[in-house]
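Just so you know, the sequence shown maps onto residues 54 to 718 in the numbering used here.
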Amino acid sequence: MSLVETPAAPSGGTPRGGARVRVQKLGTALSNMVMPNIGAFIAWGLITALFIKAGWLTGIFHTLQDPSGWVARIGGWGDFDGAGIVGPMITYLLPILIGYTGGRMVHGNRGAVVGAIATMGVVTGADVPMFMGAMIMGPLGGYCMKRLDALWEGKIRPGFEMLVDNFSAGILGLLLAVFGFFGIGPIVEAFTKGAGNAVNFLVDNDLLPLTSLLIEPAKVLFLNNAINHGVLTPLGTTQALETGKSILFLLETNPGPGLGVLLAFMVFGRGAARASAPGAAIIQFFGGIHEIYFPYVLMKPKLIVATILGGMTGVFINVLFGSGLRAPAAPGSIIAIYAQTPASSFLGVTLAVLASTGVSFAVAAVLLKTDRSTDEPDLAAATAEMEALKGKRSSVAAALTGADPGRISNIVFACDAGMGSSAMGASVLRKKVQAAGFGDVKVTNQSIANLTDTYGLVVTHRDLTERARQRTASAIHVSVDDFMSTPRYDEIVELLQQTNGTGTTTAAASDTSEKPDGPTEAGHDVFGLESIVLNGSAGNAHDAITEAGQLLVAAGAVDPSYVDAMHEREQSVSTYMGNGLAIPHGTNEAKGAIRKTGISFVRYPDPIDWNGKPAEFVVGIAGAGDDHMALLTRIAHVFLDKERVAKLRAADSAEQIRAVLSAAE
């Protein structure tokens, strides 16, 4: 099959808002700039561990040959002080990678290039590694390039596009690089030094363990990315450049506090929480996926005390032994931590992990043992709460709840307005899905603007897929260009057979609430005889849209401005459904021009050209609510039936047209 797939959609959650969400979004943005480049951080850390003056290999080669040999050249010490690989990597490579990634997030490759140029300005304008500066200049470069491109989009004469694109990116990059050099660079440098002084103050006064009061609750609330990637990683990298290691890399990544909670559930927990704790502990400690223990804390919020005390213990021991890592450990696995641990810190790091695990276990054990609640903890509800806090499905949730992460339970057909083509497509797909025995799979339609990342599979016209993917990144995405008879529907059914198993629910037993038994008065009001034309006068798609729209205006269903919105909708994506049917309708922004739900029908004896496809029937739609959905469902079923389409061709009165469209199946 040629389906485009991404990870399964997240489970639903409650709406989020407020300062926590803004911090969470900031943390996500920072994480999205840093995480794709963690491999480069690891490479730098390993090079540092091996080749700097105090590195693992330096002592060996120091005894075998002149210290200014190739080891010294790589590390940048001895006669090659300031050169080598270590210094340039942290000074130039890592910040530019972050800036490039940040620009790409905002405006693709053009934004990435300008973001990298802008980052170079702050890199050369400061004496400290410019990770924070890169996180500012990268997205800023992408945003400015995006706005600049929008100014002359569609206005450049053919043949001059490359010239304008290249020079606009170059000139903008020049301006932003200068701005970064003189403006952002010194500010970020001053902030970095100030924050570094604050950290040194905490260390010198034995106050660093108090950071666990902030970090451990922040982890459970998914606010840790803003702290870790926005503050700890930049400051820790600067510190590691100066001293060869940094304790800041251990503040958030220590797996001990979470492991202690999970071990306590293994011994003193009940039900599903106790049964799933051993597997969760393995994933958390060796896999480094800390979020797997968050639901256990959310089940018993008082257990946050155990993680805080465990975290404080670990930080205290690391301070006591002067422990640190050479580079960030991501994910927070004990394996990744040891990979970045210098020889002088192995003892301290090991004791810190063991002690934090022990303290967290002891406190959690007391809290669980003295818990007076007699009800079994609801792990599934806690996992759903965690996913709501995270804003998307957790990739490890199945390990806790036993759910099948690959199973598709809901499908959405999305279009711009969410009332015309999506309703038609959803109706056709729903019928196929139910006929295949998957009556438990919910198929709905929605406007792209109202999509949330809660669907297993999203179907859109191929011109809208990228927009839909931005709002539902966790879903499987399927692109179609024919809403009535596309082979992609059969591919979706095949996919359901792979993910959900063989369908067992018959179509007759499935939900038929969207298929009314026969015509209703409300349906006749929506589909008036005066809105049915047997012989359309239009000769092309543009005039056909106008003809169908004017019928809606004449019926009092829409304001005249709605017709313009129908043309605007057609310019963004075709409303041709397939099987000779087109259903033009307005954009989502034009819903304010709809007075009441209305449907018009125009038949063309000689099919008109609709973007290269023959349109014989044009159905104009204006949906004020959901009351038109049943008729759209029926229309879709009509055009899947060759005999009923033949009746529409042969009808010689508006009454016969409406009878065919409204008759019970």
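By construction, the Cβ of each residue, glycine as well, lies at the ideal position given by its N, Cα and C atoms.
Every value quoted in this text rests on a predicted model; they were computed, and no experiment measured them.
Review point. Is it a yes or a no for the segment 202 to 209 touching the segment 143 to 157, going by three-plus beta-carbon pairs under 8 Å?
Key: no
Exercise for review: Could you tell me if R622 is buried or exposed, where buried requires 16 or more neighbouring beta carbons within 10 angstroms of its beta carbon?
Suggested key: As a working mapping, residue 622 is identified with position 569 in the sequence shown. By the 10 Å Cβ count, R622 comes out buried.
Exercise for review: Under the assumption that S413 contacts T360 (Cβ atoms under 8 Å), give the Cβ distance between them as a whole number of angstroms.
Suggested key: As a first step, residue 413 is located in the sequence shown; it is residue number 360 there, counting from the start. As a first step, residue 360 is located in the sequence shown; it is residue number 307 there, counting from the start. About 6 Å separates the two Cβ atoms, so the contact holds.
Practice item. Measure the alpha-carbon distance for A392 versus P308 and round it to whole angstroms. Key: Numbered from 1 along the sequence shown, position 339 holds the residue referred to as residue 392. Numbered from 1 along the sequence shown, position 255 holds the residue referred to as residue 308. Computed Cα separation, rounded: 15 Å.
Practice item. Could you tell me the boundaries of the alpha helix (DSSP H) in which M537 lies? Key: Numbered from its first residue, the sequence shown carries residue 537 at position 484. Element bounds for M537: n/a, residue is neither H nor E.
Exercise for review: Please name the residue, chosen from K700, V481 and F580, that lies closest to A607 on a Cα-to-Cα basis.
Suggested key: On the sequence shown, residue 607 is found 554 positions in, with the first residue counted as 1. The shortest C-alpha separation from A607 is found at F580.
Check your understanding: What are the boundary residues of the beta strand (DSSP E) that L662 is part of?
Key -> If you number the sequence shown from 1, residue 662 lands on position 609. A small correction: the amino acid at residue 662 is Asp; Leu does not occupy that position in the sequence shown. For D662, the enclosing beta strand (DSSP E) starts and ends at G651 to W663.
Practice item. Confirm the yes/no value for this check: CB of V139, any heavy atom of the ligand PLP, distance under 7 Å. Key: Ligands are entirely absent from the displayed structure, and the ligand PLP is therefore not among its contents.
**Study point:** Buried versus exposed, by CB contacts within 10 Å (16 or more), D506
**Key:** Position 453 of the sequence shown, counted from the start, is the residue given in the question as residue 506. Its Cβ being crowded by 16 or more others within 10 Å, D506 is buried.
Point to revise | Beta-carbon contacts of G70 that lie in its chain and below 7 Å, excluding the five residues immediately before and after | key: On the sequence shown, residue 70 is found 17 positions in, with the first residue counted as 1. Interpretation of G70 is limited by its pLDDT of 48, a score under 50 that renders its predicted location unreliable; no figure is taken from the coordinates.
Review point. So what does DSSP say about G140, is it helix, strand or coil?
Key: One-based indexing of the sequence shown puts residue 140 at position 87. Of the three classes helix, strand and coil, the one that applies to G140 here is helix, per DSSP.
Review point. Which residues in the same chain as A594 place their Cβ atom closer than 8 Å to its Cβ, once the five residues preceding and following it in sequence are excluded?
Key: If you number the sequence shown from 1, residue 594 lands on position 541. Here the set comprises E623, A635, I661, D662, W663, N664 and A668.
Point to revise | Which listed residue (A643, S462 and P182) has its alpha carbon closest to that of L294 | key: Against the sequence shown, residue 294 aligns to sequence position 241. Nearest C-alpha to L294: P182.
Review point. Which class does M630 belong to by DSSP, given the choice of helix, strand or coil?
Key: For the purposes of this step, residue 630 is identified with residue 577 of the sequence shown, where counting begins at 1. If DSSP states are grouped into helix, strand and coil, M630 belongs with the strands.
**Study point:** Of the listed residues G609, L356 and A334, nearest to V416 (C-alpha basis)
**Key:** In the sequence shown, residue 416 corresponds to position 363, counting from 1. Residue L356 is the option with its Cα nearest to V416.
Check your understanding: Cβ atoms of N553 and I461: under 8 Å apart, would you say?
Key -> Along the sequence shown, one-based indexing puts residue 461 at 408. Along the sequence shown, one-based indexing puts residue 553 at 500. Cβ distance < 8 Å, so I461 and N553 count as in contact.
Review point. If A165 sits next to G195, beta carbons under 8 Å apart, how far is it from one beta carbon to the other, in whole angstroms?
Key: As a first step, residue 165 must be located in the sequence shown, where it is residue number 112. As a first step, residue 195 must be located in the sequence shown, where it is residue number 142. A165 to G195, Cβ: 7 Å. Contact.
Point to revise | Same chain only: Cβ atoms within 7 Å of Y542, ignoring 5 sequence neighbours per side | key: Position 489 of the sequence shown, counting from 1, holds the residue named residue 542. V481, L482 and K485.
**Study point:** Meets three-Cβ-pair contact criterion under 8 Å: the segment 318 to 336 and the segment 374 to 381
**Key:** no
Review point. So which of F466, A476 and L303 has the shortest CA-CA distance to R515?
Key: Taking the sequence shown and counting its residues from 1, one reaches residue 515 at position 462. Checking every option, the nearest Cα to that of R515 belongs to F466.
**Study point:** Own chain partners of D564 with C-beta closer than 7 Å, once the 5 adjacent residues on each side are dropped
**Key:** Position 511 of the sequence shown, counting from 1, holds the residue named residue 564. Because the pLDDT of D564 is 42, which lies under 50, any placement of that residue in the model is unreliable, and the number read from its coordinates should be weighed accordingly. Once the five neighbours on either side are set aside, the close Cβ partners of D564 are G492.
**Study point:** Secondary structure of E669, DSSP reduced to three states
**Key:** Numbered from its first residue, the sequence shown carries residue 669 at position 616. Three-state DSSP puts E669 in a strand.
**Study point:** Proximity below 8 Å, CB of T513 to CB of A502
**Key:** For this step, residue 513 is matched to residue 460 along the sequence shown. For this step, residue 502 is matched to residue 449 along the sequence shown. With a cutoff of 8 Å on beta-carbon distance, T513 and A502 are scored as not near each other.
Check your understanding: Does DSSP put A82 in a helix, in a strand, or in coil?
Key -> On the sequence shown, residue 82 is found 29 positions in, with the first residue counted as 1. Three-state DSSP puts A82 in a helix.
Check your understanding: Whole-angstrom Cβ separation of I143 and T290, contact assumed at under 8 Å?
Key -> On the sequence shown, position 90 is the one that residue 143 refers to. On the sequence shown, position 237 is the one that residue 290 refers to. That pair is a contact at about 6 Å.
Review point. For M215, does the count of other Cβ atoms within 10 angstroms reach 16, so buried, or fall short, so exposed?
Key: The residue you call residue 215 lines up with position 162 of the sequence shown. Result: exposed.
Check your understanding: Looking at the structure shown, is T290 part of a helix, part of a strand, or coil, going by DSSP?
Key -> For the purposes of this step, residue 290 is taken as the residue at position 237 of the sequence shown. It is helical.
Check your understanding: Ordered along the chain, which non-local residues of its own chain (more than five positions away) have a Cβ less than 8 Å from that of A597?
Key -> In the sequence shown, the residue the question calls residue 597 occupies position 544. Hits under 8 Å: G589, A591, A635, P637, V655, Y657, I661, W663, A668 and V671.
Check your understanding: Within the chosen definition, does the segment 296 to 308 reach the segment 330 to 344 through at least 3 CB pairs nearer than 8 Å?
Key -> The segment 296 to 308 is in contact with the segment 330 to 344.
Check your understanding: What's the gap between the Cα of D659 and the Cα of G633?
Key -> The residue labelled residue 659 in the question sits at position 606 within the sequence shown. The residue labelled residue 633 in the question sits at position 580 within the sequence shown. Whole-angstrom Cα-Cα distance: 11 Å.
Point to revise | Cβ-Cβ distance between L229 and M190 below 8 Å | key: The residue you call residue 229 lines up with position 176 of the sequence shown. The residue you call residue 190 lines up with position 137 of the sequence shown. Taking 8 Å as the Cβ cut-off, L229 and M190 qualify as a contacting pair.
Review point. Between the Cα of D617 and the Cα atoms of R687, I647, H530 and A699, which residue gives the shortest distance?
Key: In the sequence shown, the residue the question calls residue 617 occupies position 564. When each option's Cα is compared against that of D617, the closest is I647.
Review point. Under a Cβ-count criterion, where at least 16 other Cβ atoms within 10 Å of its own Cβ denotes burial, should A712 be classed as buried or exposed?
Key: Your numbering for residue 712 matches position 659 in the sequence shown. Burial state of A712 is exposed, judged by a 10 Å Cβ sphere holding fewer than 16 other Cβ atoms.
Check your understanding: Under the rule that 16 or more other beta-carbon atoms within 10 Å means buried, what is P613, buried or exposed?
Key -> One-based indexing of the sequence shown puts residue 613 at position 560. With fewer than 16 other Cβ atoms within 10 Å, it is exposed.
Practice item. Would you mind sorting S527 into buried or exposed? The rule is 16 or more other CB atoms within 10 Å of its CB. Key: Taking the first residue of the sequence shown as position 1, residue 527 is located at position 474. Result: buried.
Point to revise | Extent of the continuous alpha helix (DSSP H) to which V496 belongs | key: For the purposes of this step, residue 496 is taken as residue 443 along the sequence shown, with counting starting at 1. If you look at V496, you'll find it isn't in any alpha helix (DSSP H); it sits in the beta strand (DSSP E) that goes K495 to S500.
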